[in-house]
Each structure stands twice: as C-alpha cells, then as structure tokens.
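The structure appears below as structure tokens.
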Amino acid sequence: MIKPLVMALGLSMSFGAFADTQIKIDASKTGPVINKNIYSQFTEHLGRGIYEGLWVGPESNIPNTRGWRNDVLAALKEIQVPLLRWPGGCFADEYHWRDGIGPRDQRMVRVNTNWGGVLEDNAVGTHEFFDLVEILGAEAYVNGNLGTGTPQEMAEWLEYMTSDSKSTLAELRRKNGRDKPFRVHYFAIGNEAWGCGGNMTPEVYTNLYKQYASFLKTPKDNTPILIASGGHTEDTEWADHLTKNVKPNWALRMDAVSFHYYTLPTGSWEKKGAALGFPEAEWMSTMVNTLKMDQFIINNKKVMDKNDPEKKVGFYVDEWGTWYDVTGDDDPGFLYQQNTIRDAIVAALNFNIFHKHADRVHMSIIAQMVNVLQAMILTDKEKMILTPTYHVFNMYKPFQDATSIAIDLKKVPTYKLGKASVPSVSATAARAKDGKVYIALVNANPNAAETVDISLAGVTVNGVKGQVLTAPEMDSHNTFAEPEKVKPAPFEAKANAGKLAIEIPAKGVIVVAVE
0 MIKPLVMALG
10 LSMSFGAFAD
20 TQIKIDASKT
30 GPVINKNIYS
40 QFTEHLGRGI
50 YEGLWVGPES
60 NIPNTRGWRN
70 DVLAALKEIQ
80 VPLLRWPGGC
90 FADEYHWRDG
100 IGPRDQRMVR
110 VNTNWGGVLE
120 DNAVGTHEFF
130 DLVEILGAEA
140 YVNGNLGTGT
150 PQEMAEWLEY
160 MTSDSKSTLA
170 ELRRKNGRDK
180 PFRVHYFAIG
190 NEAWGCGGNM
200 TPEVYTNLYK
210 QYASFLKTPK
220 DNTPILIASG
230 GHTEDTEWAD
240 HLTKNVKPNW
250 ALRMDAVSFH
260 YYTLPTGSWE
270 KKGAALGFPE
280 AEWMSTMVNT
290 LKMDQFIINN
300 KKVMDKNDPE
310 KKVGFYVDEW
320 GTWYDVTGDD
330 DPGFLYQQNT
340 IRDAIVAALN
350 FNIFHKHADR
360 VHMSIIAQMV
370 NVLQAMILTD
380 KEKMILTPTY
390 HVFNMYKPFQ
400 DATSIAIDLK
410 KVPTYKLGKA
420 SVPSVSATAA
430 RAKDGKVYIA
440 LVNANPNAAE
450 TVDISLAGVT
460 VNGVKGQVLT
470 APEMDSHNTF
480 AEPEKVKPAP
490 FEAKANAGKL
500 AIEIPAKGVI
510 VVAVE
C-alpha cells in the first residue's frame, strides 16, 4: 500500500480503496512546452502591494537591499519568479513614466485615483522596478499608458529604457544612474481598454493599437514582445477583432493578445463572497467559476485559430485569481484579502488548465504578488507570511519550461452539492528540464479523499516522490500568529508492476516526480 512519509496536520488517511479515477500517461507522447511565464507575477501600485509589501526604502529598519525587503526577496527567489508585470493594471493607464525617474525626493506626487485615492510619491519608478527584476533574475513586462498617454510618450519611454545610443533620452537614463539599457522582454499597449483603460470598443482600440505600435522602435537586440489589450470572461470579440484586423508587417507587430478573468465565489461584483468563514456552497461555486477558465480559453482559441492558423499570436492570461469582499478596517481600494487552502486549489486547477492549452497560452500572471488579491505573500510591517497559493507555486516549479505529456483521465468522480457539480480530480504531467516526469494531482472535493490509479508508458516507474498540500478546514490559512498552519509535507509512493495507486486527500494538491 502507498503511504506518504508525512501527512500534514496529522490527517487520518485510508489507503487501498477502490480507485474510481483512471489516469493513463504516455511519456512518449509529448506536446508543446509549458512556458515558464505561465508562473508569472504581477505587482501594481495598489494598496500595500509595492509600498511595504516589497519596497520599504533604503533607510528602513526592515532589512533590505536597495530598498527592497530581504525576506520577501528570498521568498520570491525560492519560487523562481520567471516574469514580473508592472506598473499596472488600471494604474498603468494613468502612469507617466517621467514622474518616476530622477532623485526620489524630487519626483512628482500624484493621487492614485484607481486605488484608494492615496498619494503616490513615485518612489518606485523605472530604475527601481528593473533593479527588482534583476535581483529576482526575472523577465520584465512593462505596461504602457495608452489611456492618458500619447504615442510620443510611450515611444520615448521605450527609448529611455532600451537605447544604447548617445540620444538625449539615453543620456538622461545614464544621468539617473543606469549606463547599460534595461532589458524589456514584454511591452503592453494599454490595459483593459474595454474598461478602466478607456472604455473603448474593439474597433477603436484596434486602430489605436496600430497607431501606437507603429512608433515603438527599439534596437534589434532589445525588442520586446508586444501585447495587445484583449477581452475578459466569456468575451471572444476582442481576440477575434484584433487577430482579424492587425496584420503584422515590417512596421507593425502584435505578438500576443491579453485576457483577464477573476474567480468570484458568487459571480457578482456587488457581493463577491467572503475570504474566510464561507459556507460549502461558496467553496463549490468558487470551483465551478474557476473551472470556466478552460472553456473561455477554448472559445478564444477557436477564433484565433481561424484568424491566425499558424499560431503566431500568443494568448496571455495576464490577470487571473480569486477576488473576495474586503472586510474589517481595510481600505476597500487596497484589495487585501486572506488566502486559504481554497485559493491553493484554485491555483492548481488553473495551472492544469494552462498546461492543457500551452500551444497558445504562453503566459499567465496571477493577481497579485504581495498583499493584493490572491497573493503569494502577506506582510504586516516587519512580519511576513507565505500563503497556501505560494506553496502551490513552489510545488509546481518543475513545470516551468517542461514539455507537456499526453494524459488521459477516465472515470473521474464528481463532487456534488445541490444542483452544482465539478470533477473531483484534475491532473497534468510533463517532462521537466531535469529529465524527470512530473505529475500534479488536485482534489477539488473538500470532504472526501479520492484514490487514483495511474499507469505510465514510455518510462520506467519504481515510485514517485514529492509533496502534498492539504488542510483540515475549507478556510484553513496562515496568520502572523500561526505562519505555518498550512504548508506542504513530503510524499512518496511505490509502484506495483509499473502502476501507482495514490490517494489525494480532500482539498489536496500533490506534485511528484517519477523515480
């Protein structure tokens, strides 16, 4: 029988039960590479996401590196953040890059009209952002200001960041302390143009995209991938119109279309649902709503495949995650929420969906990294805790740039509550850069363990070894008083005649390497 080395929280597990779920994995049948940027992060000038959560300033008593707090840096390095998006979000379309360069005590102070109406002193600007990116060893995703900016302002920002010439803007960058150009890997022309980015129609935005993109000229060795602002939720019109009407040529590029979808327990923006103390009905509705991501991607891929059969344009889910009602004394504009085992399950389910669509989904960016929405990390002044979502990102690290493997799920049991239901088990497999085959298993049922039988072809199987994440309650979470209440435990299982039988605990995530 299979026994985990250590089961978190002293859970009682039974083994050897009949397995409903049958999983067949053929390691010889490989698919597209799972782009590492599916595990990307987002930091916006929003609440305590940057200020306090990441940036405390060089003079702070909190240990820091050039203003960036060391405890958060260490935690982010551990999960190997591949890419970081900045400065927004809705903030991006009111951000003027010249406000954030030069001596910090001389920078423009503005009102952050999108998030709480607080003062933004622009202490974190272009140079500070790239310092953070380089400390983390990540790629940079810069979001340009289409909403209140101009083609000239956007083009000059790119020149400031990327030019190695003796132009006035390149010399200004050098004067501000940076000799070599910054490496801009991705650049977006606006954000949520259908909403906070300008309340535009796809037709209006498409014309503006072509105008702005025509003037974004950079050196050949520092040319960013250009991202167009796409649709959200069930919408396919934006992806359809953009890929149909932006025809790249020598002077015009569109490398990707973005897409945003947030999981709300109730599905209503007026009353989204609670982060803690929620009923099982909201656990179920959260699972139902987050799994809609799969069909949303399928629908957008259909229109993109029609217009772009060669798959030259990527589909970037560059904002996703859970969004709950703000409670207590928190400023509602700061979007701070607790993070539970439910969020961990949501993250793992979405990863498995993104892996399935790796042919088009080359990037996904959870919102957001610290202290905002479905965060990796929560801070309280000098204190820091890791969330259950952080642990899932850490467990899934081997899937970064791994080669997807064909997986066949049969007889998947259904988790039901009232009239609602979802599949209990989700799974994915890939061959990682270390040569090993990795399997991830998710149980969305909060009440019952699920046993799965796994048969593997194309690889010798003696057993599997990895980690399991689970918790006793639906809203189990880490606090500053109990920072390790929810964390992974070691897991291993032995094969029998080349086959595996693994029990996934209720509300559990398992990631293992085939030994």
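Numbering that gives the first Met the number 0 applies: residue 0 is where the sequence shown begins, and numbers increase by one.
All C-beta atoms, glycine included, are put in the ideal place defined by N, C-alpha and C.
Span of the beta strand (DSSP E) holding residue i?
i	result
residue 493	488-493
residue 314	313-321
residue 21	20-33
residue 186	185-188
Using three-state DSSP, classify residue i as helix, strand or coil.
i	result
residue 211	helix
residue 284	helix
residue 500	strand
residue 204	helix
residue 513	strand
residue 99	helix
residue 72	helix
residue 227	strand
residue 366	coil
residue 277	coil
residue 40	strand
residue 12	The pLDDT assigned to residue 12 is 35, lower than 50, so where the model puts this residue is not dependable, and the model offers no usable value.
residue 167	helix
residue 248	strand
residue 472	coil
residue 191	coil
residue 481	coil
residue 172	helix
residue 1	Low local confidence applies: a pLDDT of 35 at residue 1 is under 50, so the model's placement there is unreliable, with the coordinate-based value given in what follows. Residue 1 falls in the coil class under three-state DSSP.
Tell me which residues share the same chain as residue i and place their Cβ nearer than 7 Å to its Cβ, disregarding the 5 neighbours each side in the sequence.
i	result
residue 150	210, 211 and 214
residue 494	460, 461 and 462
residue 289	262, 345, 348 and 349
Given a cut-off of 9 Å on the beta-carbon distance, is the pair residue i and residue j in contact?
i	j	result
residue 425	residue 436	no
residue 189	residue 204	yes
residue 387	residue 477	yes
residue 345	residue 427	no
residue 186	residue 260	no
residue 35	residue 82	yes
residue 24	residue 328	no
residue 379	residue 306	no
residue 491	residue 465	yes
residue 135	residue 223	no
residue 257	residue 318	yes
residue 40	residue 84	yes
Spatial neighbours of residue i within its chain, please: CB distance less than 6 Å, with the 5 preceding and 5 following residues excluded, ordered by chain position.
i	result
residue 90	43, 44 and 113
residue 19	410 and 412
residue 497	460
residue 275	337 and 474
residue 438	428 and 511
residue 94	86 and 144
residue 371	45, 46, 48 and 334
residue 37	353 and 363
residue 217	157 and 161
The alpha helix (DSSP H) that contains residue i, what's its start and end?
i	result
residue 390	387-394
residue 134	125-135
residue 340	340-355
residue 302	291-306
residue 237	236-244
residue 158	150-161
From the DSSP secondary-structure annotation, give me the bridge partner or partners of residue i.
i	result
residue 442	424 and 507
residue 382	379
residue 257	315
residue 64	67
residue 456	25
residue 416	419
residue 402	32 and 430
residue 465	490 and 511
residue 84	41 and 140
residue 54	50 and 67
residue 409	21
residue 449	503
residue 119	109
residue 437	429 and 512
Could you pull out every residue in the same chain whose Cβ sits closer than 8 Å to the Cβ of residue i, ignoring the five residues on either side in sequence?
i	result
residue 33	353, 354, 357, 398, 399, 400, 401, 402, 403 and 429
residue 473	277, 279, 282, 339, 340, 341, 445 and 506
residue 27	456 and 457
residue 179	163
residue 63	55, 56, 57 and 69
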